[in-house]
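Asker:
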Amino acid sequence: SVASLAELERLERIGSAVSGVRGVTSTIRVRPLERLEGTVADEVRRELERHPRFRKFRIEVSVAGSTVTLAGLVDRALDRYEATAAASRVEGVAEVINTIQVAGAADTDPEKIRQQVMSVLRHPFRFNVVRDLEVEVNGSQVTLKGVVTKEPRRRAAERLALSILGVQTVVNEIRLELD
C-alpha cells in the first residue's frame, strides 16, 4: 500500500516508462488513514494554495472518508487537471472527484483551438514527438491522434492540449508504438 493517490500514480508512471512495457495493472491501494475529514480538507486547501495560480480561484473542498471532491471555476482545463493532482498528493486521499468548471471554454473558435494545439505539439524545440499528429475539435473537446514511442510523451501531449485556452476536455487517442 501507498500513502496517497499521487504516489500510486507515480509508481504506475514509472512502470509504464520501462522500455517494452505497454501497460501497467496495479493491485497497490492507498493506505486508509484515521484522520478527521476536516483535517484532510485543510491539507488539500493548503496544497492548492502552494500554487500561485490557484490563489485567484475559489475552489471548494469537501471530504467523505478518503474521497475528496473539488468544485469551483478555473480559467483553463490544465488548472482543473492540476487541482486534481494537488489534492491527490495529500496523504490518505484515495480518490478525487473533480467537478471544477472551466470558464469561457465555449467562447473560443474551434479552428483557432485546433491551430494552437497543433502549434504547441509540433513545436520543434518544445515537444514535436507525436508522429502522424491529427487534432480534431468539437466545441471545447479536443481529440488527439497520432503515435508516440513512450507513455510519458502521450500524457505530456494531453497536458499541453489542456493548457490551450478554450479546451475543456481532451480525448487522447494517441497510440503507443515501441521503437
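In my numbering, each residue's number is its place in the sequence shown (first place is 1) plus 1189.
Every residue gets a Cβ at the ideal spot worked out from N, C-alpha and C, and that includes glycine.
So what's GLU1232 in DSSP terms, helix, strand or just coil?
Answerer: The sequence position of residue 1232 within the sequence shown is 43, counting from 1. Note: GLU1232 maps to helix in three-state DSSP.
Asker: Leaving out five residues on either side along the sequence, give the residues of the same chain with a beta carbon under 6 Å from the beta carbon of LYS1301.
Answerer: To locate residue 1301, count along the sequence shown from 1; it is residue 112. Within the same chain, LYS1301 has no close Cβ partners at all.
Asker: Roughly how many whole angstroms lie between the Cα atoms of LEU1214 and GLU1196?
Answerer: Here residue 1214 corresponds to residue number 25 of the sequence shown, with the count starting at 1. Here residue 1196 corresponds to residue number 7 of the sequence shown, with the count starting at 1. It should be noted that the sequence gives Thr, not Leu, for residue 1214. Their backbone Cα atoms lie some 15 Å apart in a straight line.
Asker: GLY1335 by DSSP, collapsed to three states: which one?
Answerer: For this step, residue 1335 is matched to residue 146 along the sequence shown. Strand, per DSSP.
Asker: Roughly how many angstroms separate the alpha carbons of PHE1246 and ILE1217, rounded to a whole number?
Answerer: Within the sequence shown, residue 1246 is the residue found at index 57, counting from 1. Within the sequence shown, residue 1217 is the residue found at index 28, counting from 1. One C-alpha to the other measures close to 33 Å.
Asker: Jot down the residue ranges of each uninterrupted beta strand (DSSP E) in the region 1301-1332, minimum 3 residues, whole runs only, in chain order.
Answerer: If we require 3 residues or more, the beta strand (DSSP E) runs fully inside the region 1301-1332 come out as 1320-1327.
Asker: For the alpha helix (DSSP H) that ALA1275 lies in, which residues bound it at each end?
Answerer: Indexing the sequence shown from 1 puts residue 1275 at position 86. Run containing ALA1275: 1266-1277, per the alpha helix (DSSP H) assignment.
Asker: Based on the DSSP secondary-structure assignment, which residues constitute the bridge partners of ILE1286?
Answerer: Taking the sequence shown and counting its residues from 1, the one referred to as residue 1286 is at position 97. DSSP output for ILE1286 lists THR1258 as bridge partner(s).
Asker: For ILE1203, tell me which candidate among LEU1237, SER1255 and ARG1342 has the shortest Cα-Cα distance.
Answerer: On the sequence shown, residue 1203 is found 14 positions in, with the first residue counted as 1. Among LEU1237, SER1255 and ARG1342, the Cα nearest to that of ILE1203 belongs to ARG1342.
Asker: What residues in its chain sit with their C-beta under 8 Å from that of THR1273, if we drop five residues either side in the sequence?
Answerer: Within the sequence shown, residue 1273 is the residue found at index 84, counting from 1. If we look at THR1273 and ignore the five residues flanking it on each side, its Cβ neighbours are LEU1259, VAL1285 and ASN1287.
Asker: Would you check if the distance between the CB atom of LEU1322 and the CB atom of LYS1334 is smaller than 9 Å?
Answerer: For this step, residue 1322 is matched to residue 133 along the sequence shown. For this step, residue 1334 is matched to residue 145 along the sequence shown. Yes, the pair counts as a contact, with Cβ atoms nearer than the cut-off.
Asker: Name the DSSP beta bridge partners of LEU1200, please?
Answerer: Locating residue 1200 in the sequence shown gives position 11, counting from the first residue. DSSP output for LEU1200 lists no bridge partner at all.
Asker: What does DSSP give as the partner residue(s) for SER1352 in the beta ladder?
Answerer: Along the sequence shown, one-based indexing puts residue 1352 at 163. None; SER1352 has no bridge partner.
Asker: Ends of the beta strand (DSSP E) at ARG1364?
Answerer: In the sequence shown, counting from the first residue as 1, residue 1364 sits at position 175. Segment 1358-1365, the beta strand (DSSP E) holding ARG1364.
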